[in-house]
Amino acid sequence: MSAAASPYLTAGVKSIKSGGPPLAAAEMQRLHGEHLRLLNLNECPYPPAPAAVEAIRRLASGVNRYPETRSTALAQAMSARTGVPADRIMFGMGSDELLGLLSLVALGPGDSIVAPTPSFPRYRLSAVLMSAKPILVKIDADGANDVDALIAAVEPKTRILYVCTPNNPSGAQLDDARLARLVAHAPDDVILAIDEAYSEFGRHAGGPDVLAHLAKRRGPWIVFRTFSKAYALAGLRIGYCLSGSDEIANAMRTVRTTFNVTDPAQQAALAALGDEKHLKFILDSTARERQRLSEGFLRLGYKPLPTVTNFVSVDLGINAWSVIDALLLHGVAAREWRDPGYETYLRVTVGTAEDTDAVLRALPLALKTQKEKAPA
């Protein structure tokens, strides 16, 4: 029996196209060889801070015990950095879990969300699972969220307005002027949810302080961030959210999974926060290779989208799926955009200098193969 015909599944689940999550590093290398360059998931190519690695080793023998539930030390450290009270900071199994929790406490049948597209698919998916309607608004030509169009799309039943800055998969971030308009004009009876998974890269590139703008907002807000990207802890699955209200924070804490973040993850994140030198190395290295990768695309005749993140996207003019398959044959894993109308867009994670060289060698070969296969 197909999922669509099953009497046991909700309408929301039935409406989701199958496919599942992307393959992780070990699975990809098992299929395509251990020397495959993993540039498909926007992971950090470098190990975590040494102190974070040591924290994992130190706590490994204690995993027979459940972890601390409130992540007290980590919340206090994050509060000192952000100015957000510790009891309004919550940690989860990546920002995915936390985005799902927000939908769980804020959405019901007949409600709606407004979100950008193309962007992170979890906003739409979490809404559909709660039988809420996703209203999707196309991003600006520069790849940033169209703030004015997002605000205009809000309807009486809208409960959450999502913004992603820097945006994934385009890479552009909102500037101060657009953030100011967003905070000033987003309705006060709607939760303004800002996904900042790539915030460290954005600030390193001179981007605005989102929390400083949100401090001026009268209505509810919540910010989502992660340790998966700039802090190189993707495998530990730890993200966090900063809430502007006790009401939202307490509701999400009430319904979250018990013991959802392991002690090694909590302590590794705390150690990573304390190593500014390692973070700077990652951000500097990423900026340098991002520039090289973008310039390489230009030399090949393709104009990359403006990006401040650890990935670069480009419109190849031909179906990206076929190019991705060809790239795999040359030892490079990349990612397509999965949104209708953007089938020709390719996203490549910024890796090491050797990764950049490999991409710029492999892409012309992959494109040549696909053009030769194309019908005359």
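Per the numbering used here, the very first residue in the sequence shown carries number 1; after that it's consecutive. From the three backbone atoms N, C-alpha and C, an ideal C-beta is built for every residue, glycine too.
Same chain only: Cβ atoms within 6 Å of residue i, ignoring 5 sequence neighbours per side
i, result
"M78", "I89"
"A193", "I160, Y162 and I222"
"V147", "R178, R181 and L182"
"Q419", "The first residue shown for the chain is 1 and the last is 376, placing residue 419 beyond what the model contains."
"D188", "R218 and G219"
"R347", "P169, F311, S313 and R335"
"S131", "G12 and P109"
"T158", "S112, V114 and V190"
"K133", "S112"
"I135", "S112, V114 and A153"
"A362", "L327, H330 and V332"
Nearest-angstrom Cα separation, counted from residue j out to residue i
i, j, result
"I160", "L233", "28 Å"
"Y240", "N42", "18 Å"
"G62", "L273", "22 Å"
"P116", "R122", "11 Å"
"N167", "F120", "8 Å"
"L104", "Y8", "20 Å"
"F201", "F281", "12 Å"
"G138", "R65", "The displayed chain sequence assigns Lys, not Gly, to residue 138. Distance between the alpha carbons of K138 and R65 is about 46 Å."
"R256", "L150", "29 Å"
"T258", "L270", "20 Å"
"H185", "K216", "11 Å"
"D339", "R58", "43 Å"
"G296", "P85", "44 Å"
"D142", "G244", "29 Å"
"G341", "N319", "11 Å"
"A60", "Y231", "20 Å"
"E343", "I16", "19 Å"
"T352", "R81", "29 Å"
"G83", "H213", "13 Å"
"D209", "S228", "20 Å"
"R387", "L38", "A query on residue 387 cannot be resolved here, the shown segment of the chain reaching from 1 to 376 and no further."
"C380", "E155", "Since the displayed the chain opens at 1 and closes at 376, residue 380 lies outside it and no answer follows."
"A358", "D176", "36 Å"
"Q29", "W321", "19 Å"
As assigned by DSSP and simplified to three states, the class of residue i
i, result
"G94", "helix"
"I318", "coil"
"E336", "strand"
"G195", "Just to set this straight, residue 195 is Asp in the shown sequence, not Gly. In the structure shown, D195 sits in a strand (DSSP, three-state: E or B)."
"I56", "helix"
"P50", "helix"
"L38", "strand"
"S245", "coil"
"F297", "helix"
"F378", "There is no way to answer for residue 378, as the model of the chain reaches only from 1 to 376."
"G239", "strand"
"P67", "coil"
"P364", "helix"
Neighbourhood of residue i by C-beta, 7 Å cutoff - its chain only, sequence neighbours within 5 removed
i, result
"V350", "T286, E289, R290, L293, N310, F311 and V312"
"A268", "P48, A52, A55, I56, L233 and L236"
"V261", "P67, S71, F91, G92, M93 and I238"
"L360", "G296"
Nonlocal neighbours in the same chain, by C-beta distance under 8 Å from residue i, ignoring five residues either side
i, result
"A205", "Q173, A287 and V308"
"D275", "A49, P50, A51 and A52"
"R225", "S95, E196, A197, S199, G239, Y240, C241 and L242"
"P364", "L300"
"L316", "Y302, V323, T344, Y345, L346 and L367"
"L298", "P304"
"R356", "Per the sequence presented here, residue 356 reads as Thr, with Arg not at that position. The answer, listed in chain order, is E289, R292, L293, G296 and V350."
Run of the beta strand (DSSP E) containing residue i, from where it starts to where it stops
i, result
"I113", "S112 to T117"
"P134", "K133 to K138"
"V348", "Y345 to T349"
"R159", "T158 to C164"
"R225", "W221 to T226"
Limits of the unbroken alpha helix (DSSP H) element including residue i
i, result
"V183", "D176 to H185"
"L74", "T72 to T82"
"S126", "R122 to L129"
"I151", "V147 to A153"
"K14", "A11 to S15"
"L273", "D263 to L273"
"H330", "Note, H330: premise wrong, no alpha helix (DSSP H); not H, not E."
"L211", "V210 to L214"
Taking 8 Å as the cut-off, does the region 328-341 touch the region 354-370 (at least 3 CB pairs, one atom from each stretch)? yes
Assess contact between the region 247-257 and the region 85-99, defined as three or more Cβ pairs (one per stretch) separated by less than 8 Å. Is contact present? yes
Below 8 Å, how does it come out for the region 119-130 and the region 93-106: are there three or more Cβ pairs, yes or no? yes
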